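133 is the number of the first residue of the sequence shown in the working numbering; add one for each residue after it.
Some notes on the structure that comes next.
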Amino acid sequence: MTIKFKEPAPIVDELNPLESMMERFDEAATRLGLDESTYNALKSPEKAVIVSIPVTMDDGKVQVFQGYRVVHSSKLGPSKGGIRYSMGVNLDEVKALAAWMTWKCAVVGIPYGGGKGGITCDPRTMSEGELERLTRGFTLAMRDVFGPEKDIPAPDMGTNPQTMAWIMDEYSKLTGVSSPAVVTGKPLVLGGSLGRVEATGRGVMVSARSAMAKLKMNPANCTCAVQGFGNVGSISAKLLEMQGVSIVAISDVSGAYFNKQGIDIEEAIKYTAKNKSLEGYKGGKKISNEKLLELDVDILVPAALEDQITEENAGRIKAKLIVEGANGPTASNADKILEENNIMVVPDILANAGGVSVSYFEWVQNRLGYFWTEERVNRRADRIMKLAFDNVYKASKKYKCSMRTAAYIVAIDKVADTSKLRGIF
Ligand code: NAD
Numbered sequence: 133m134t135i136k137f138k139e140p141a142p143i144v145d146e147l148n149p150l151e152s153m154m155e156r157f158d159e160a161a162t163r164l165g166l167d168e169s170t171y172n173a174l175k176s177p178e179k180a181v182i183v184s185i186p187v188t189m190d191d192g193k194v195q196v197f198q199g200y201r202v203v204h205s206s207k208l209g210p211s212k213g214g215i216r217y218s219m220g221v222n223l224d225e226v227k228a229l230a231a232w233m234t235w236k237c238a239v240v241g242i243p244y245g246g247g248k249g250g251i252t253c254d255p256r257t258m259s260e261g262e263l264e265r266l267t268r269g270f271t272l273a274m275r276d277v278f279g280p281e282k283d284i285p286a287p288d289m290g291t292n293p294q295t296m297a298w299i300m301d302e303y304s305k306l307t308g309v310s311s312p313a314v315v316t317g318k319p320l321v322l323g324g325s326l327g328r329v330e331a332t333g334r335g336v337m338v339s340a341r342s343a344m345a346k347l348k349m350n351p352a353n354c355t356c357a358v359q360g361f362g363n364v365g366s367i368s369a370k371l372l373e374m375q376g377v378s379i380v381a382i383s384d385v386s387g388a389y390f391n392k393q394g395i396d397i398e399e400a401i402k403y404t405a406k407n408k409s410l411e412g413y414k415g416g417k418k419i420s421n422e423k424l425l426e427l428d429v430d431i432l433v434p435a436a437l438e439d440q441i442t443e444e445n446a447g448r449i450k451a452k453l454i455v456e457g458a459n460g461p462t463a464s465n466a467d468k469i470l471e472e473n474n475i476m477v478v479p480d481i482l483a484n485a486g487g488v489s490v491s492y493f494e495w496v497q498n499r500l501g502y503f504w505t506e507e508r509v510n511r512r513a514d515r516i517m518k519l520a521f522d523n524v525y526k527a528s529k530k531y532k533c534s535m536r537t538a539a540y541i542v543a544i545d546k547v548a549d550t551s552k553l554r555g556i557f
């Protein structure tokens, strides 16, 4: 069996998406009037564990890898967050990503705190056997951190359902108890949830629909450009098209493709399934990825990489609505420009939270030992996304701020309240 891993994101020097996130945290905390003690408590992670994992490589030599797991907060429930295998993994990055998960779970109101983990390695150069030994070693080292009621990993960059299957198996062996709920994003036969693959794109579509309603935009009269045509981008595009929106541009690492009459998304999905990318796609005129962001469309869905919208290009964006499928696609230095130009941005911690919501459902189903139909999963996930959007929208009116600041306000307020009720000081 060959395992396909996602390309690690390129390292961007000038703009750090994690710093962008912390700037937004600061702005929301200030508007909320958060007291200094709570502010300091929420900024610091509860736990950061570093482990060394010796792995016998295929050539018989032992290589030692560094692994990390950070629990930023467990105030709202067990910590939840992915495990990343990439050469770029370091403690600071994992700490910031763990905090990001705390806000994301809080904004959609699921009973989880935030965590994140990672191993500094290049999964593309490792064999399947080496990856399995590395993952089992990491699970052994983290056996006191992980747990269905403590800390629940999921796939992230460089990891996939197979990685989760190894963690679940190793953890179950170590505890002597079958524990599917220790991880989410598992293969279906091991207790994964129906609807998980489509969940993030579906949440993007539901957020876009809610925003269109507020902006009085009729989907049937709207055009949309989608950057990135992987899991999130292609499914967002397909579901928005089903709502009547005309998707006039799509893109991937090979470039962007524009068709004024609308791209046939089903056909483009079939094309990428066959050809591995949109390279050579004839359903639209080839344009640059930069141009896609600046097209004269109603809706823009960045669903590829971080830092795509910056102070440099924000002023040229013509869309009235941006729905962030990717994590951190807008640098904090672009926020003000978009706000001044009256562009509504549904921020990442809200717009792409459909994925973690269905991960929560996976965990619920595992604990119940009873599996839901896809229809039930979708209905409940849609409800979570709609409610979260409305809460953030109301906060944006109350605090007279952008949807992004409002999302952070909702999240920080919830975690701060819970911390006070639980009595942390
Ligand atoms: P993916 O690997 O399936 O797809 C990424 C897509 O982006 C690919 O089509 C790739 O070709 C394209 N791409 C790469 N560089 C590009 C460039 N310069 N210009 C245009 N396109 C480019 O990844 P995904 O799971 O769809 O994740 C996309 C984003 O969404 C990431 O930021 C991820 O963190 C975020 N996200 C994903 C999920 C999920 O459930 N998959 C959940 C929350 C957030």
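Positions of the beta carbon are idealized from the N, C-alpha and C atoms, including for glycine.
Keep in mind the model is a prediction, meaning the values are calculated, not measured.
Residue i vs residue j beta-carbon contact at 8 Å
i	j	result
Ile395	Tyr389	yes
Glu262	Val187	yes
Tyr244	Gly209	yes
Arg334	Ile379	no
Ile481	Val239	yes
Pro420	Val477	Correcting the residue identity first, residue 420 is Ser in this sequence and not Pro. Cβ atoms of Ser420 and Val477: not closer than 8 Å.
Gly324	Glu494	yes
Ala230	Gly247	yes
Val181	Val277	yes
Asn484	Gly457	yes
Val203	Val226	no
Gly290	Tyr217	yes
Leu306	Arg275	yes
Leu164	Asp439	no
Reduced DSSP category for residue i - H, G, I as helix; E, B as strand; rest coil
i	result
Met349	coil
Lys138	With a pLDDT of only 43 at Lys138, under 50, the local geometry of the prediction cannot be trusted, and the value read off the model is given with reservation. In this structure, Lys138 counts as coil in the three-state DSSP scheme.
Met133	Here the model assigns Met133 a pLDDT of 40, short of 50, so the residue's position is not dependable, and the following value carries that caveat. Residue state, collapsed to three classes: coil.
Ser489	helix
Gly246	strand
Arg554	helix
Val547	helix
Ile143	With a pLDDT of only 40 at Ile143, under the threshold of 50, the placement of this residue in the model should not be trusted, and no figure is reported.
Arg512	helix
Ile419	strand
Val542	helix
Lys406	helix
Val181	strand
Ser176	coil
Gly241	coil
Phe157	helix
Phe521	helix
Tyr389	strand
Ser325	coil
Ser534	coil
Residue from the options whose Cα sits closest to the Cα of residue i
i	options	result
Lys417	Ser491, Asn445 and Ala381	Ala381
Val501	Ser311, Val364 and Met274	Position check: residue 501 holds Gly in this sequence, whereas Val was assumed. Selected option, being the one with the closest Cα: Ser311.
Lys529	Met517, Val542 and Pro177	Val542
Gly415	Ser551, Asn391 and Glu426	Asn391
Met349	Ile431, Gly269, Ser304 and Leu371	Ile431
Gly249	Lys450, Asp283, Ile242 and Cys237	Asp283
Ile617	Leu174, Gly269 and Ala435	There is simply no residue 617 to check, as the chain begins at 133 and stops at 557 in what is shown.
Met393	Val183, Glu411 and Val429	Checking the sequence shown, residue 393 turns out to be Gln, not Met. Cα-wise, what sits closest to Gln393 is Val429.
Pro285	Glu444, Cys253, Met233 and Lys452	Met233
Asp288	Ala273, Val358, Pro177 and Asn363	Asn363
Ile475	Ala161, Lys212, Ile251 and Ile441	Ile441
Gly575	Gly220, Ile185 and Met219	Here the chain comprises residues numbered 133 to 557, so residue 575 is not present and cannot be evaluated.
Close-in-space but distant-in-sequence residues of the same chain around residue i (CB under 6 Å, 5 per side omitted)
i	result
Ala446	Ala466, Ile469 and Leu470
Glu373	Ile379 and Ile397
Val377	Pro351, Cys354 and Cys356
Arg327	Per the sequence shown, the amino acid found at residue 327 is Gly instead of Arg. Within the same chain, Gly327 has close Cβ partners Val490, Glu506, Val509 and Asn510.
Bridge-paired residues (DSSP) for residue i
i	result
Gln359	Ser383 and Pro434
Pro186	Val196
Ser152	According to DSSP, which records beta bridges pairwise, Ser152 is partnered with nothing at all.
Ile215	Gly249 and Pro287
Met476	Leu453
Ser205	Gly246
Thr462	Ile441
Gly279	Asp283
Beta-carbon contacts of residue i that lie in its chain and below 7 Å, excluding the five residues immediately before and after
i	result
Gln375	Met337, Arg341 and Pro351
Thr267	Thr295, Trp298 and Ile299
Arg512	Phe493
Lys423	Ala388
Lys207	Gly245, Val547, Thr550, Ser551 and Arg554
Arg448	Glu426
8 Å CB neighbourhood of residue i in its chain, flanking five on each side removed
i	result
Ile135	Unreliable placement is indicated for Ile135, whose pLDDT of 41 sits below 50; the coordinate value is still reported in the next sentence. Contacts found: Glu260, Leu263, Asn292 and Gln294.
Glu281	Pro210
Asp522	Ser342
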